[in-house]
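*Asks:*
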Amino acid sequence: MALDLPRVPPPIDPYVDLHALEPLFVADDTGHVMSIGKSRLNLFRPASFAKTKDPKTFRIFALGGSTTQGEPYSTESSFPKWLELGLQTAVPDRRVEVINCGGLSYASYRVLAILREILQYEPDLVVVYTGHNEFLEKRTYADVHQSDSLWSRSLRSVARLHMVQLVDSMAGFRAERATPPRAVMSKEVDALLDYSGGLEQYRRSEMEAWRPGVVVHFGWNLQQMINACRQTKTPLVLMRPVSNLLDCPPMKFELDQNLSAERLAEFEVHWQAAQTARRAGNSEQAMLEVNEALHIDNKHAGALFLGGRMLFEQGDFPRAKEMLTRARDCDVCPLRAPTEILDKITEIASHFSVPIFDCEAFFSRQSEPPFLVSDRQLIDHIHPHIEGHQALGRELANLVIEAGWILPSQPNWQNGLTRVYDEYLLQLSEAYFQRGQQRLIGLRLWTQGRAKKVAEENSLIP
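This is the structure in structure tokens:
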């Protein structure tokens, strides 16, 4: 006689306490339609769907942060919308709905909560674009960064947690046990940059200690997304985010305060000389001074960016890309997903055989040589232009069809897609684009730490 084991409950997040989070979707008075709750519309855009899915509907949930939402514009011109239009063109005999669950400043642990929620609504596919927002909210990670094998330890912890939860559920109770203290997350995003002077709260020494725990937690969240989708046999696509390397300076850079006063002074001499030579048009001398400065502090994001820009202008594109990537990775205020985060997406997607859409590689291929993502592809530090969202949506539609998740009934559907996109774009009002440009101004002020909210504590980073 086979043992009828109970369904294993979702693992408790071992890093943060998310008990205050509320469901994103609420039922209307009839109980038949689910919509994003009005209290959530400060960070989300309206979206609704039938609680019981029609058999002829192909339902996709798109999860993530501001890029998923279409910032600085909105969901009407985001890649999930272009994905929907593409698939609807390919399959006109079925209803295709792509429900946009992109939340402003939403990090992976909040995205995971939404993913677990929406799986009850019969999705045919889940698309997740996450990675840029992992450093926005205050939380601690104890001593996780001291482990020699962070990822291995994370996997072992998850396995033990699954077993304990299974035993508890079979016994009908959960025994009290000692657990490390976890940061209690607020009901809604509480980003450091939402506060006046928030940029000053990012400090290099704290970030270097904090980063390893953030990366491990991010990996844990991705694994839980995969596990949850596999339990419900729901296909999942992970998107590897893109960021602006060439035209986006670091949000903040600081000197290594472990250097002696003499070395700090030496760095400043070379740093100022590099900028002076640069302004004078003496790029050779400027590059020499940058290299001297980096010899003293090789993680100074400002010097790395300046050096990368000059290498680009000199036509040394491989070295330019390497240095500009390091500038992004050493940003004291990492609003662009660093290499450790991007590599974690690739690692986990490969390990669990989950389809991955590499947006950075995609936009690099779309750009002219030397294949560096710049202002031509992105409107700011991370958000694509509307044309970029269209390209993402079109490519995602191809991926969905090639994977066999939906079969096209319209032959040569791609031939008419440009016309479909153009006709839809003409339906958007001039006010829509004006609001997007206004939001872009506000977004740039936010990245500069010029928000108005007043913090209750002096120190926001643990």
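With positions in the sequence shown counted from 1, the corresponding number in the numbering used here is that position plus 3. We put the CB at the ideal spot given by N, CA and C, even for glycine.
Is DSSP giving D425 helix, strand or coil here?
*Replies:* The answer is helix: DSSP assigns D425 an H, G or I state.
*Asks:* Pull the bridge partners of Y76 from the DSSP assignment, please.
*Replies:* Answer is none; Y76 lacks a bridge partner.
*Asks:* Please give me, in chain order, every unbroken run of the alpha helix (DSSP H) with length at least 4 that falls completely inside the stretch 201–277.
*Replies:* Complete alpha helix (DSSP H) runs here, min 4: 207–234.
*Asks:* Suppose you measure from the CA of D3 to the CA of L428; what does that come to, to the nearest Å?
*Replies:* For the chain, the structure presents residues 4 to 465; residue 3 sits outside this window and is missing.
*Asks:* Could you give the first and the last residue of the continuous beta strand (DSSP E) run that contains S353?
*Replies:* First-last for S353: 342–354, but that is the alpha helix (DSSP H), not the beta strand (DSSP E).
*Asks:* Applying the 10 Å Cβ sphere with the 16-neighbour rule, what's the burial state of Y18?
*Replies:* So Y18 counts as buried.
*Asks:* Note down the Cα distance separating K41 from P373, rounded to an integer number of angstroms.
*Replies:* Each residue's alpha carbon lies about 46 Å from the other.
*Asks:* Using CA atoms only, rank isn't needed, just tell me which of F320, L139, L327, V218 is closest to A306.
*Replies:* Checked all of F320, L139, L327, V218; the closest Cα to A306 is L327.
*Asks:* Tell me whether the beta-carbon of T133 lies closer than 7 Å to the beta-carbon of G216.
*Replies:* Contact: no.
*Asks:* Measure the Cβ-Cβ separation of G2 and L420 and say whether it is below 7 Å.
*Replies:* As displayed, the chain neither begins before 4 nor continues past 465, which places residue 2 out of reach and without an answer.
*Asks:* To the nearest angstrom, report how far apart E363 and Q226 are at their CA atoms.
*Replies:* Cα-Cα distance, rounded: 22 Å.
*Asks:* Just to confirm the assignment, what range does the beta strand (DSSP E) spanning G67 have?
*Replies:* Element bounds for G67: 60–67.
*Asks:* If you draw a straight line from the C-alpha of D96 to the C-alpha of K59, how long is it?
*Replies:* Cα to Cα, D96 sits roughly 8 Å from K59.
*Asks:* State the start and end residues of the unbroken beta strand (DSSP E) segment that holds C104.
*Replies:* From DSSP, the beta strand (DSSP E) with C104 extends over 98–105.
*Asks:* What residue range does the alpha helix (DSSP H) around A434 cover?
*Replies:* It spans 433–450 - the alpha helix (DSSP H) in which A434 sits, taken as one unbroken run.
*Asks:* Looking at the unbroken alpha helix (DSSP H) that takes in I39, where does it start and where does it end?
*Replies:* From DSSP, I39 is part of no alpha helix (DSSP H) but of the beta strand (DSSP E) over 36–39.
*Asks:* In or out: S353 buried (at least 16 other Cβ within 10 Å) or exposed?
*Replies:* Classification of S353: exposed, given that the 10 Å Cβ count is below 16.
*Asks:* Between E295 and E265, what straight-line distance do the alpha-carbon atoms span, to the nearest angstrom?
*Replies:* For E295 and E265, the distance between alpha carbons rounds to 14 Å.
*Asks:* For R98, is the classification buried or exposed, using 16 other Cβ atoms within 10 angstroms of its Cβ as the cut-off for buried?
*Replies:* Exposed, because fewer than 16 other Cβ atoms sit within 10 Å of the Cβ of R98.
*Asks:* Report, in whole angstroms, the separation of the C-beta atoms of V130 and A212, which I expect to be a contact under 8 Å.
*Replies:* V130 to A212, Cβ: 33 Å. No contact.
*Asks:* How do the stretch 116–123 and the stretch 225–241 stand: do at least 3 beta-carbon pairs fall below 8 Å, yes or no?
*Replies:* Contact between the stretch 116–123 and the stretch 225–241 is present, because at least three Cβ pairs lie under 8 Å.
*Asks:* Measuring CB to CB, does F52 end up less than 7 Å from I102?
*Replies:* Cβ distance < 7 Å, so F52 and I102 count as in contact.
*Asks:* Give me the residue from N301, C251, D332, F315 with the minimum Cα distance to R345.
*Replies:* Looking at the sequence itself, residue 345 is Leu, so the reference to Arg does not match. Checked all of N301, C251, D332, F315; the closest Cα to L345 is D332.
*Asks:* Should N247 go down as buried or exposed, given a rule of 16 or more other Cβ atoms within 10 Å for buried?
*Replies:* Buried: at least 16 other Cβ atoms inside 10 Å.
*Asks:* For my contact list, H135 and I385 are in at a C-beta cut-off of 8 Å; report their separation, rounded to the angstrom.
*Replies:* With 8 Å as the limit, H135 and I385 qualify as a contact, their Cβ atoms being about 5 Å apart.
*Asks:* Please name the residue in T33, K54, A110 whose C-alpha comes closest to that of T71.
*Replies:* When only C-alpha atoms are compared, the closest one is A110.
*Asks:* Once you ignore the five residues that flank F308 on each side, which residues in its own chain have a CB closer than 7 Å to its CB?
*Replies:* Closer than 7 Å at Cβ, skipping near neighbours: P252, P253, L327, A330.
*Asks:* Going by beta-carbon coordinates alone, are A93 and P321 separated by less than 7 Å?
*Replies:* Cβ distance not < 7 Å, so A93 and P321 don't count as in contact.
*Asks:* For L297 and A323, I'd like the C-alpha separation in whole angstroms.
*Replies:* Those two C-alpha atoms are separated by around 15 Å.
*Asks:* In terms of residues, what are the limits of the beta strand (DSSP E) holding L128?
*Replies:* Where L128 is concerned, the enclosing beta strand (DSSP E) stretches over 128–132.
*Asks:* Please work out which residues of its chain come closer than 8 Å, Cβ to Cβ, to D20, disregarding the five sequence neighbours upstream and downstream, and give them in chain order.
*Replies:* Result list for D20: R185, A186, V187, M188, in chain order.
*Asks:* Quick check on the burial criterion: 16 or more other C-beta atoms within 10 angstroms. Buried or exposed for Y435?
*Replies:* Y435 is exposed by the Cβ-count criterion.
*Asks:* Here's the rule: buried if 16 or more other CB atoms are within 10 angstroms of the residue's CB, otherwise exposed. What is D334?
*Replies:* By the 10 Å Cβ count, D334 comes out buried.
*Asks:* Just checking my contact of F355 with I229 at CB under 8 Å: how many whole Å lie between their CB atoms?
*Replies:* Confirmed, about 5 Å.
*Asks:* Using the three-state DSSP reduction, which class does D383 fall into: helix, strand or coil?
*Replies:* DSSP places D383 in coil when its eight states are reduced to three.
*Asks:* Helix, strand or coil for D197 per DSSP?
*Replies:* Three-state DSSP puts D197 in a helix.
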